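> Please find one structure pasted underneath; my questions will follow.
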Amino acid sequence: MRRTGPMRIVFADFPVNGPSRKLNAFAIGCFRHNLEAKMTQVKESEPQQELLSEEFAADTAANILDFTSTLKELRKTVGPELVRHREAWRDRSGNVRTVEYVEWHTVADILDSVAPNWAHSVKDIRTIGDYVIVTVAITIDGVTREGIGTGSARSETGIKKAEHDALKRAAVKFGIARDLYKKEFDAIENRIGGQTRNEQQDPPFEAVARTFSELITTRQISMIRAIAREAGVDADAECSRMFGCSITDLTRRAASRLIDRLNSLNGQKVSTRTAS
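Positions 2 to 277 (the working numbering) are the ones given, in order, by the sequence shown.
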C-alpha cells in the first residue's frame, strides 16, 4: 500500500523523522530493553505463581483436615467427673427429675485443650421485660458458630448466666457435650408432650417463667386482656389468685390455663345474660 504523506511515530514526545533521530533510536532501544526485561520477569514468575497456588491448595486441604480432626475431638463424650446434675421438675408423685449439664468453665477448658486458638465474642445483648438475651459467637479455625442464652436482667448474676449459657450453646454447635443437651431436650419433650402417659391428665407445672423460651407471649397477653374485658373480670387479680404472680411473669402453659379460666368465666356471664 502506497503512503500519501510522511509517517510520524511518536515516542517520548520525540518524532522519528527529524533532527533528533539518534535520540529517538536510543529511546526506542531503551523501550525494547525494558519490555523484554518485563516479559522475562513474567515468564520467570509463572512457576513461582504455580508453586504458590499449589502451596495454598495444600494449606487449605491441611486446614480442612485439621478442623475435621478438631471437631472429632470436641464431639467426644464428656467424662462423668465433669458432668453436673440439677433439678428440672417434680412429677405428680413428687419425685425429682434431673438433667445433666456441664459448667461453662468446663466447656472453656475443653476448648483450651482441643482448640487452643479458639476465640469468642459477645455479639448482642438485649433486654425483653425482666429478661436479658445474650448472643455469643465462638470461632475455631475461621469457622464461627453462635449461641443464645437468657437470664434475669434484675441482677448481675442473671446477666452472667445468660452469657455463660450462650457460650455453652455455641460450643454445643461444635459438638461439645452435645449428647447431654440432647438428653435434656428429650426430657423436656417427654415432660411437655408425653411425660408418662398416666400423668398427662393434669401434670403439675411452674407458673413463673424461668427462661425466655418459657415466657408468656405477646399474643397470649393480648388474649387475656381482651377476654377479661369481655367477661368483666380483673385479669391481674385473677392471675394473682390462681398463680400468685403477675401476668407478665407467667409461663406460656400457665397463660393458657388462665385463658381457659377467663373463657369459662366469660361463658358463665353469657349464660347469665341469656337466662335473664
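A virtual CB, placed ideally from N, CA and C, is assigned to each residue, including glycine. Please read all numbers here as calculations on a predicted model, not as lab measurements.
(1) What is the DSSP secondary structure of A62, reduced to helix, strand or coil?
(2) Find the nearest neighbour of D131 within the set D235, I217, L259, judged by alpha-carbon distance.
(3) Looking at V100 and R87, is the spacing between their C-beta atoms short of 8 Å?
(4) Just to confirm, is the Cβ distance from T151 to A163 under 8 Å?
(5) If I measure Cβ to Cβ from L72 and keep anything under 8 Å in the same chain, skipping five residues before and after, which residues do I get?
(6) Drop a sphere of 10 angstroms on the beta-carbon of H121, count the other beta-carbons inside from all chains shown, and report buried for 16 or more, exposed for fewer.
(7) Let me confirm a value: H106 is counted as buried when at least 16 other C-beta atoms fall within 10 Å, else exposed. Which label applies?
(8) Assign G150 to one of three DSSP states: helix, strand, or coil.
(9) On the CB-based measure, 16 or more other CB atoms within 10 Å of its CB, does I111 come out buried or exposed?
(10) In whole angstroms, what separates the C-alpha of D261 from that of A210?
(11) Below 8 Å on the Cβ atoms is my guess for S247 versus D235; work out the distance and round it to an integer in Å.
(12) Using a threshold of 8 Å, state whether the C-beta atoms of K124 and T140 are closer than that.
(13) With distances taken from CA atoms, which of E157, A167, P81 is nearest A109?
(14) Alpha helix (DSSP H) containing T158: first to last residue?
(15) Could you give the DSSP three-state label for D67: helix, strand or coil?
(16) Taking 8 Å as the threshold (C-beta atoms), are T249 and E207 in contact?
(17) With 16 other CB atoms within 10 Å as the buried threshold, where does K169 fall?
(18) Quick one: what does DSSP say I193 is sitting in, helix, strand or coil?
(19) Less than 8 Å separating the beta-carbons of I149 and I126?
(20) Could you tell me whether the Cβ atoms of I225 and L263 are closer together than 8 Å?
(21) Hey, F213 and I129: beta-carbon distance below 8 Å or not?
(22) Who does A227 pair with in a DSSP beta bridge?
(23) Determine the burial state of V97: buried for a count of at least 16 other Cβ atoms within 10 Å of its Cβ, exposed for fewer.
(24) Looking only at C-alpha atoms, which of L75, V103, E215 sits nearest to E82?
(25) From the DSSP secondary-structure annotation, give me the bridge partner or partners of A138.
(26) Report the residue ranges of all alpha helix (DSSP H) runs contained in full by the region 228-259; include only those spanning at least 4 residues, in chain order.
Based on what the coordinates show:
(1) Here the model assigns A62 a pLDDT of 49, short of 50, so the residue's position is not dependable, and the following value carries that caveat. In the structure shown, the three-state DSSP call for A62 is helix.
(2) Among D235, I217, L259, the Cα nearest to that of D131 belongs to I217.
(3) Yes; because the gap between Cβ atoms is below 8 Å, this pair is in contact.
(4) Taking 8 Å as the cut-off, the Cβ atoms of T151 and A163 count as close.
(5) Within the same chain, L72 has close Cβ partners F175, G176.
(6) Its Cβ being crowded by 16 or more others within 10 Å, H121 is buried.
(7) Around the C-beta of H106, fewer than 16 other C-beta atoms lie within 10 Å, and the residue is accordingly described as exposed.
(8) Here G150 sits in strand by DSSP.
(9) Buried is the call here.
(10) Roughly 19 Å separates the two Cα atoms.
(11) Going by Cβ atoms, the distance from S247 to D235 rounds to 13 Å, so no, they are not a contact pair.
(12) No, Cβ-Cβ distance for K124 and T140 is not below 8 Å.
(13) Nearest option by C-alpha distance: A167.
(14) Start and end: 157-173.
(15) When DSSP states are grouped into helix, strand and coil, D67 belongs to the helix group.
(16) Contact flag unset, no.
(17) So K169 counts as buried.
(18) Only weak support exists for where I193 lies, its pLDDT of 49 falling under 50; the coordinates are left without a value.
(19) Inclusion of I149 and I126 in the CB contact set at 8 Å is not warranted, their separation being larger than that value.
(20) Yes, the pair counts as a contact, with Cβ atoms nearer than the cut-off.
(21) Yes, they are a contact pair.
(22) In the DSSP assignment, A227 forms no beta bridge with any residue.
(23) So V97 counts as exposed.
(24) Residue V103 is the option with its Cα nearest to E82.
(25) Residue pairing of A138 in beta bridges, as defined by DSSP: S122, E147.
(26) If we require 4 residues or more, the alpha helix (DSSP H) runs fully inside the region 228-259 come out as 236-244.
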